[in-house]
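Below is one structure, written out as structure tokens, with a few remarks after it.
Number of protein chains: 2
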Amino acid sequence: MKNYLLLLAAAVMLSCNTSTSSPADVAQDQMSQESKEPNFGIVLHGGAGTILKENMSDSMEQAYRQKLEEAIRTGHQILEEGGTAVEAVQRTINILEDSPLFNAGKGAVFTNEGTNELDASIMDGSDLNAGAVAGVTTVKNPIDLAIEVMRNSPHVMLAGKGAEEFAASVGTELVDPEYFYTESRFRSLQRIKESEKTQLDHDDQQAALTPWEYRDSKFGTVGAAALDRHGNLAAGTSTGGMTNKRWGRIGDAPIIGAGTYANNNTCAVSSTGWGEFFIRGVVAYDISALMEYKGLSLAEAAREVIQKKNPALGGDGGIVAIDKDGNIVMEFNTAGMYRASMNKKGDLQIGIYGE
Amino acid sequence: MKNYLLLLAAAVMLSCNTSTSSPADVAQDQMSQESKEPNFGIVLHGGAGTILKENMSDSMEQAYRQKLEEAIRTGHQILEEGGTAVEAVQRTINILEDSPLFNAGKGAVFTNEGTNELDASIMDGSDLNAGAVAGVTTVKNPIDLAIEVMRNSPHVMLAGKGAEEFAASVGTELVDPEYFYTESRFRSLQRIKESEKTQLDHDDQQAALTPWEYRDSKFGTVGAAALDRHGNLAAGTSTGGMTNKRWGRIGDAPIIGAGTYANNNTCAVSSTGWGEFFIRGVVAYDISALMEYKGLSLAEAAREVIQKKNPALGGDGGIVAIDKDGNIVMEFNTAGMYRASMNKKGDLQIGIYGE
């Protein structure tokens, strides 16, 4: 009797699904026709934080927008011409690394010791291969070295002097540490150090930072995620870490699963934010896992992780991501995030502040 | 009509579940009675690899078994007396770190430069706090330093000299790098270096390593996972890395999500194996995600990751884990894994080889 009733119930439920074609079904069919053309697209971030219009001059905003557009168009063109997702991510990040506007490469912030220690990582969604470097001081474009680690070493992650020896052995471009000196970043370090002293001394109001300046000393990574015409996903991240960092601190940017993740079955993700919370939340992989195991869309998964799980831990920041079907997401829980994207049709989106 | 039929179907299915109590239900009730008593337990590993009985002397096997038992009993007693999962994991790992038998602490393997560079990480499942250190050369018990990073720094991961400065500032026990010299590990380095030369020269058969010796130069981490009487989970991992490692290579042991993960909602996991593949697979967090998002049991999730996903990537190794209900898993795809566990009842399991 039990089995009979279950069969009846199953038959009843099945019959509810055999309706005639609705307009929605027709639209669905059209979409699947279109999706036979290989899709592609790219998205980038230049850091999340307390980015407010009232703190930004028009000329500075213009400079950011121009650089974001240059970077995203560079990656998009590579994809359009049939290049790989890894190459598009690399060249897009190179543009941001070479600009003093972003906390990566040239514009890297200063550590407590007044040095610049850079981190980067890359992941190729086609074979889940990955490369990462941490704490390098003489590598002009850390994302290039991460790619060398992925392709030309048996390792995933190299750190410090050893990573630089490897860089020299594979011919990655090295520069004098002086290359990373920018006056504005050096002044940020001085201000934060003075502010710390102030917090101890309570006697120097002039050097005090606003709360958002202090918070944002943790931010400013750059990153990109791309889907190429061959159906391969890749993501990469590059950073100078946090201003005034000490003790050889490593954030999420070079951590596969936290700062960077890509998997052709799901999506490619690059993170930016308060690194400690992104490591503890395994943020980049968590978005992929929510898609793969729970059936969420990329947009749903990103919202769940960035708007619920990350703030619940006490963290903040954002991610950019693209899924295997070319859907693009730029999700953040901070006041702003430098960001840009371009899809297959060439639709350009550039953003700095919250919506 | 559609809604009515769905309601009918739901009612039919619901009615199928209101049967009278079966013997299985009674057993279930008894189990849930028992589970009201807080459960606890602990599991450890001392590395996975090509561990075969024919390569092991009786006295050596005895030495391993004794040390594994001493370590697991130490952690178990802490839990029995109401101590925390973090403390149980720490003290269990300390025993393994202080023994020259395992590739962690005292018994750490040598890098290509003839130094010992140690990594460790810890995660507290109650608040998802975590700490990790990479590339330290003077810290007697790296797991202790990882716990200091978790508790007494705003960071999750510190590396190299900076991590040692932090260690000095919080009073973690430091030793002369000479402390980590063990003759057998130093001989392993020489043999591997000779073997590498052999592979280039093809002229020195005597120095050649067997394939399993070469493979296992990547292995030998120690780790533990525990559930305490307060319902909190924790996991920790400590390693000397791989023999002959160079370029400041960082493996999975200090990577939260890869080598170590703990979350009171799911499980606590410590990994051991070919670190690069464990990073790319985000192994420790993947097991937790399969439980949380896909509803798998700990045993199912561990089997999926270690017997399917990890070998599919080309990696090998194993994990130990305990879930929030006290279920213990020791899963590996290598010939053997040093391992031990003790549950609430005090049932002791010790293993070295495959079943």
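So the protein lines, in turn, are chains A and B. Counted the way this note's numbering counts, the first sequence spans residues 41 to 395. Counted the way this note's numbering counts, the second sequence spans residues 41 to 395. For glycine and all other residues, C-beta sits at the position ideal for the given N, C-alpha and C.
Neighbour flag for residue i against chain B, beta carbons, 8 angstroms
i      : result
A/K233 : no
A/I187 : no
A/Y325 : yes
A/P182 : no
A/K385 : no
A/G394 : no
Interface partners of residue i on chain A, CB under 8 angstroms
i      : result
B/L198 : W287, G288, R289, I290
B/N396 : Residue 396 of chain B is absent from the structure shown; chain B starts at 41 and stops at 395.
B/P351 : Result: empty, since nearest Cβ-Cβ is about 13 angstroms, beyond 8 angstroms.
Residue i versus residue j - alpha carbon distance
i      : j      : result
A/K180 : B/R286 : 22 angstroms
A/Y104 : A/A160 : 21 angstroms
A/A274 : A/A342 : 17 angstroms
B/L214 : A/R113 : 52 angstroms
B/S139 : B/N373 : 25 angstroms
A/M331 : B/R225 : 44 angstroms
B/A208 : A/E234 : 24 angstroms
A/I362 : B/F318 : 24 angstroms
B/G358 : B/R269 : 26 angstroms
B/K348 : A/S228 : 49 angstroms
B/N350 : B/D356 : 6 angstroms
B/G288 : A/R289 : 15 angstroms
A/H195 : B/E218 : 27 angstroms
B/L336 : B/Y301 : 17 angstroms
A/M163 : A/G171 : 7 angstroms
B/E188 : B/E204 : 12 angstroms
B/V360 : A/G394 : 44 angstroms
B/K146 : B/G376 : 22 angstroms
B/G276 : A/T277 : 27 angstroms
B/G154 : B/G123 : 39 angstroms
B/A324 : A/G89  : 30 angstroms
A/A265 : B/G81  : 42 angstroms
B/E94  : B/G165 : 39 angstroms
B/V396 : B/M370 : Nothing in the structure corresponds to residue 396 of chain B, since chain B is present only between 41 and 395.
A/G263 : B/L92  : 46 angstroms
A/V129 : A/G115 : 6 angstroms
A/G280 : A/A144 : 5 angstroms
B/D243 : B/V173 : Confidence at B/D243 is low in this model, with a pLDDT of 42, below 50, so its placement is unreliable and no value can be given for it.
B/G366 : B/A380 : 15 angstroms
Within chain B, partners of residue i - CB distance below 8 angstroms
i      : result
A/G202 : R286, W287, G288, R289
A/P194 : E316
Interface residues of chain B facing residue i [CB-CB closer than 7 angstroms]
i      : result
A/I295 : I295
A/A298 : G297
Proximal chain A residues relative to residue i, where beta-carbon distance stays under 7 angstroms
i      : result
B/F150 : Within 7 angstroms Cβ-Cβ: nothing; B/F150 doesn't reach chain A, min ~14 angstroms.
B/F206 : W287
Proximity test, Cβ basis, 8 angstroms: residue i and chain A
i      : result
B/A174 : yes
B/K93  : no
Contact test: residue i Cβ vs the ligand GTP heavy atom, cutoff 7 angstroms
i      : result
A/P294 : Of the ligands one can find in the structure shown there are none, so the ligand GTP has no counterpart to examine.
Note down, in chain order, all residues in the segment 302-329 of chain A with a beta-carbon under 8 angstroms from any beta-carbon belonging to chain B. G315, E316, I319, R320, G321, V322, Y325, D326, A329
Taking the runs of the beta strand (DSSP E) that are 3 residues or longer, which of them lie wholly in the segment 297-333 of chain A? 300-302, 307-313
Within the segment 129-174 of chain B, note down every full beta strand (DSSP E) run reaching 3 residues or more, in order along the chain. 158-164
Cβ-based contacts, 8 angstroms cut-off: residues of the segment 364-392 of chain B near chain A: none
Closer than 7 angstroms, Cβ to Cβ, to anything on chain B: give me those residues from the segment 329-350 of chain A, in chain order. A329, L330, Y333, K334
Sequence ranges, alpha helix (DSSP H) only - wholly within the segment 93-134 of chain A, length at least 4: 98-120
Beta strand (DSSP E) runs contained entirely in the segment 173-222 of chain B, provided each spans 3 or more residues: 197-199
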